[in-house]
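**Student:** Numbering (the numbering used here), first residue to last: 1 to 309. For glycine and all other residues, C-beta sits at the position ideal for the given N, C-alpha and C. Below is one structure. I have some questions about it.
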């Protein structure tokens, strides 16, 4: 096939022909390597909550300057006003596009137990649409899974079924926050919720949890992999104190390898920056994650043999 394509180019100047044909060979070689090696297509994201003290416009600038692909928008002031402002949200979407940043998710605080949950959920849907994303982060609520009341759990599941059907009909995805002190604070509970809701629109976020009885992070990634729709990357030391992503007890090389093998191709986000030198630590966290999801080592195609053109 490559020879045929190159033959069609024979009337072009020889240097153009050589360039185009070599590029075709490189692309095909890359695709072969991707198939054989399972090369990841994960993308780098920043959660705007990491800079909750700054205007969202500034956070978009930071995401672009530091080499992120996407931004998850925090669903609280000052990043999203209490009262919905369409012109503001549209402006944020436009600014992100100008900077080459994808809005990867809308980080809402909707949960099934809140008053007027459907009203707030539909508002979150409108905000997500205007931001240009099809992913809404939601919360389960209800308190810890080990102590939640049966009544609250039944109500959460009942309402999640309704919300998921509503979302599925409109072509959007819901990502359950994996978080302490919520029903979705363990692998077992998350899988139970997803199974009983039984709708492809309902997925889960992945993030390691630092409490004593939390699931082992890599084991959690393995068990949740097929349901993961977004990743909040954070790390902590042996005492549970937050630290740089590369320096904690969670081995992100294993996490990423596992999720990649399961076909995850979404975003992995820097969510919080615990260090004193925030911008330096942001760069370190970003570069560390980039080193793990880089599709191919530098110059890895140089050794691929190809016939001269």
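Going straight from the alpha carbon of residue 267 to that of residue 70, what length do you get?
**Tutor:** Cα-Cα distance, rounded: 7 Å.
**Student:** Classify residue 292 as buried or exposed, calling it buried when 16 or more other Cβ atoms lie within 10 Å of its own Cβ.
**Tutor:** Counting Cβ neighbours within 10 Å, residue 292 comes out buried, since at least 16 surround it.
**Student:** Is the segment 81 to 99 touching the segment 56 to 70 in the sense that three or more CB pairs, one from each, lie closer than 8 Å?
**Tutor:** A contact exists between the segment 56 to 70 and the segment 81 to 99.
**Student:** Given a threshold of 16 other Cβ atoms within 10 Å of its Cβ, counted over all protein chains shown, does residue 298 qualify as buried or as exposed?
**Tutor:** In this prediction, residue 298 has a pLDDT of 47, which is less than 50 and means its spatial position is unreliable; what the coordinates show is noted afterwards. So residue 298 ends up on the exposed side.
**Student:** Would you mind reading off the limits of the alpha helix (DSSP H) that contains residue 91?
**Tutor:** Residues 86 to 98.
**Student:** With a cut-off of 8 Å on the beta carbons, I'd call residue 284 and residue 246 a contact; round off their distance for me.
**Tutor:** The Cβ separation is near 7 Å, so the contact holds.
**Student:** For a test of the three-state rule: what should DSSP assign to residue 269, helix, strand or coil?
**Tutor:** Of the three classes helix, strand and coil, the one that applies to residue 269 here is strand, per DSSP.
**Student:** Return the CA-CA distance between residue 251 and residue 44, expressed in angstroms with no decimal places.
**Tutor:** So the alpha carbons of these two residues sit roughly 17 Å apart.
**Student:** Which residue from 81, 184 and 49 puts its Cα closest to that of residue 74?
**Tutor:** Nearest of 81, 184 and 49 to residue 74, Cα basis: 49.
**Student:** Just how far apart, CA to CA, sit residue 132 and residue 103?
**Tutor:** Their backbone Cα atoms lie some 6 Å apart in a straight line.
**Student:** Reducing DSSP to helix, strand and coil, say where residue 233 ends up.
**Tutor:** Residue state, collapsed to three classes: strand.
**Student:** Between 242, 99, 180 and 137, which lies nearest to residue 147 when the distance is taken from Cα to Cα?
**Tutor:** Cα-wise, what sits closest to residue 147 is 180.
**Student:** For residue 151, which three-state DSSP category applies?
**Tutor:** Residue 151: helix per DSSP, three-state reduction.
**Student:** Return the first residue and the last residue of the alpha helix (DSSP H) that residue 284 is part of.
**Tutor:** First-last of the alpha helix (DSSP H) with residue 284: 278 to 293.
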